[in-house]
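In the UniProt record's numbering, the protein residues as written are 1 to 158.
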């Protein structure tokens, strides 16, 4: 089946807010290229008036990436225009709990290839399942015991 036909026939499962948030980030990059170095990971921007109602401030609050303690698996592709190498580097510099940091495939791997790529199962999906399995094996004891003396992911082999 051709990818275009599959996309046309596939049910729409992406929440509208997710599309709008992605559009906000793209507009930030395209309409204000000077601010590219200040791209932030923030809550949804409803506009100044509604932001003040919801967040009690004019701009949406940002997520403190430096405070993430859960292990993070990061998969990225060279053909993904929505996550460029400098964006990946920016995340790396702020998130200290990255336990998997892998480039997907040997050639260009675009944003839509994560779902619709012909070889996505082989080059990505199987690896994600493997990592999830390792996360589960590593962390299941954390939820069944009262305390632990070491960070579980430090000794995990991902």
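Note that CB positions come from ideal geometry on N, CA and C, so glycine has one too.
### Task
Could you tell me the distance, in whole angstroms, from the CA atom of residue 55 to the CA atom of residue 62?
Looking at the two C-alpha atoms, the distance is approximately 11 Å.
### Task
Please name the residue in 123, 107 and 71 whose C-alpha comes closest to that of residue 132.
Residue 132 has its Cα closest to that of 71, out of 123, 107 and 71.
### As assigned by DSSP and simplified to three states, the class of residue 41
coil
### Query
Any idea which residues DSSP pairs residue 91 with across the strands?
None, per the DSSP bridge assignment.
### Message
I'd like to confirm the pairing. Which residues does DSSP put opposite residue 75 in its beta bridges?
### Response
Residue 75 is bridged to 102.
### Query
What residue does the alpha helix (DSSP H) around residue 113 start on, and which one ends it?
For residue 113, the uninterrupted alpha helix (DSSP H) run begins and ends at 113-116, by DSSP.
### Message
Please tell me whether residue 77 and residue 104 are closer than 8 Å, where the distance is taken between their beta carbons.
### Response
yes
### Query
What does a CB cutoff of less than 6 Å around residue 125 pick up in its chain, not counting 5 residues either side in sequence?
Counting only Cβ-Cβ distances below 6 Å, and skipping sequence neighbours, we find nothing.
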